[in-house]
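A.B. asks:
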Amino acid sequence: MIETIIGIIANIFSIFGISIDIKKLLDKFKNKTFCNICILAFACICCTLVVCFYIYKQKSIIITKVTLSEEILNMHINDTHTLIATVLYSNNSTNSNVLWSSSNNSVATVDQNGTVTALADGNATIIAQASKNNSTEIAECNIIVKSPPIGYTISVH
Numbered sequence: 004m005i006e007t008i009i010g011i012i013a014n015i016f017s018i019f020g021i022s023i024d025i026k027k028l029l030d031k032f033k034n035k036t037f038c039n040i041c042i043l044a045f046a047c048i049c050c051t052l053v054v055c056f057y058i059y060k061q062k063s064i065i066i067t068k069v070t071l072s073e074e075i076l077n078m079h080i081n082d083t084h085t086l087i088a089t090v091l092y093s094n095n096s097t098n099s100n101v102l103w104s105s106s107n108n109s110v111a112t113v114d115q116n117g118t119v120t121a122l123a124d125g126n127a128t129i130i131a132q133a134s135k136n137n138s139t140e141i142a143e144c145n146i147i148v149k150s151p152p153i154g155y156t157i158s159v160h
């Protein structure tokens, strides 16, 4: 039983990069019930403190900024272009997890990967929104869609 409990505790510690040699620990205190109980209690307290600290640190991380690869994008009807979002957190980590939306789906749509498709003449704003721990930030890209030029010829005399 104590081996199982210490194994679980060792696994919890390993999440945080702390290595415990279970066999050495058990051999050292074999047949010493009081010592085993003390070790178990100490390990439980340590695990609780480590987990609480980890949760506290995670909850204190907020989004500081969201940026997009483009701020203005000129497109022709049926063009596609993929925007790249970067989310910066207060702990200086980054990722690209955002929710995409378009202010005018009849002009331009955006999928969950940030790929914008131009549908009709007009303007739309593509919005990338990130949220974490009660903090929300957005970035916007203005889309200008025009019909492609047709019927133009160039002649040289």
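The opening position of the sequence shown corresponds to residue 4 in my numbering, with each subsequent residue numbered one higher.
The beta-carbon is built from N, C-alpha and C at its ideal position, and this holds for glycine as well.
Model, not experiment: these values are computed from the prediction.
Following the continuous beta strand (DSSP E) through Val148, name the residue where it begins and the one where it ends.
C.D. replies: Walking along the sequence shown from the start, residue 148 turns up at place 145. That run of the beta strand (DSSP E) goes Ser138 to Lys149.
A.B. asks: I'd like to know whether the C-beta atoms of His79 and Ala121 end up nearer to each other than 8 Å.
C.D. replies: The residue given as residue 79 occupies position 76 in the sequence shown. The residue given as residue 121 occupies position 118 in the sequence shown. Result yes, Cβ atoms of His79 and Ala121 sit closer than 8 Å.
A.B. asks: Leaving aside the five residues before and after Thr118 along the sequence, list all residues of the same chain whose C-beta is less than 7 Å from its C-beta, in chain order.
C.D. replies: On the sequence shown, residue 118 is found 115 positions in, with the first residue counted as 1. Only Thr83 and Thr85 meet the Cβ criterion.
A.B. asks: Report the rounded CA-to-CA distance for Lys149 versus Ser72, giving the unit in angstroms.
C.D. replies: Mapped onto the sequence shown, residue 149 falls at position 146. Mapped onto the sequence shown, residue 72 falls at position 69. Approximately 21 Å between the Cα atoms of the pair.
A.B. asks: Is Ala123 helix, strand or coil by DSSP?
C.D. replies: The residue you call residue 123 lines up with position 120 of the sequence shown. Residue state, collapsed to three classes: coil.
A.B. asks: Report the partner residues of Gln132 according to the DSSP bridge assignment.
C.D. replies: Working through the sequence shown from its first residue, we reach residue 132 at position 129. Note: Gln132 sits in a beta bridge opposite Leu102 and Ile141.
A.B. asks: Suppose you measure from the CA of Lys68 to the CA of Ile87; what does that come to, to the nearest Å?
C.D. replies: Position 65 of the sequence shown holds residue 68. Position 84 of the sequence shown holds residue 87. Each residue's alpha carbon lies about 14 Å from the other.
A.B. asks: Give me the DSSP bridge partner(s) of Asn77.
C.D. replies: If you number the sequence shown from 1, residue 77 lands on position 74. Partner(s): Ile147.
A.B. asks: Return the CA-CA distance between Ala127 and Val159, expressed in angstroms with no decimal places.
C.D. replies: Here residue 127 refers to the residue found at position 124 of the sequence shown. Here residue 159 refers to the residue found at position 156 of the sequence shown. Straight-line Cα distance between these residues: approximately 39 Å.
A.B. asks: Measuring CB to CB, does Ile129 end up less than 8 Å from Ser105?
C.D. replies: On the sequence shown, position 126 is the one that residue 129 refers to. On the sequence shown, position 102 is the one that residue 105 refers to. Against a cut-off of 8 Å, the Cβ pair of Ser105 and Ile129 comes out as a contact.
A.B. asks: Mapping DSSP to helix, strand and coil, what is Val69?
C.D. replies: Here the question's residue 69 lines up with position 66 in the sequence shown. Residue state, collapsed to three classes: strand.
A.B. asks: Counting only the same chain and skipping the five closest in sequence on each side, list residues whose C-beta sits under 6 Å from that of Ala46.
C.D. replies: The sequence position of residue 46 within the sequence shown is 43, counting from 1. For Ala46, where only same-chain residues beyond five positions count, the Cβ hits under 6 Å are Ile12.
A.B. asks: Among Cys50, Ala131, Asn14 and Asn100, which residue has its Cα nearest to the Cα of Thr112?
C.D. replies: Start at 1 with the first residue of the sequence shown, and residue 112 comes out as number 109. Ranking the options by Cα distance to Thr112, first place goes to Ala131.
A.B. asks: What separation, rounded to the nearest whole angstrom, lies between the Cα atoms of Ser93 and Ser99?
C.D. replies: Position 90 of the sequence shown, counted from the start, is the residue given in the question as residue 93. Position 96 of the sequence shown, counted from the start, is the residue given in the question as residue 99. Cα to Cα, the separation comes out at about 15 Å.
A.B. asks: Are the Cβ atoms of Ile66 and Ser138 separated by less than 8 Å?
C.D. replies: Residue mapping note: residue 66 aligns to position 63 of the sequence shown, counting from 1. Residue mapping note: residue 138 aligns to position 135 of the sequence shown, counting from 1. Yes, the pair counts as a contact, with Cβ atoms nearer than the cut-off.
A.B. asks: Assuming Pro159 is part of the beta strand (DSSP E), what are its boundary residues?
C.D. replies: As a first step, residue 159 must be located in the sequence shown, where it is residue number 156. With the sequence shown as reference, residue 159 is identified as Val, and Pro is not the correct amino acid for it. First-last for Val159: undefined, no H or E at that position.
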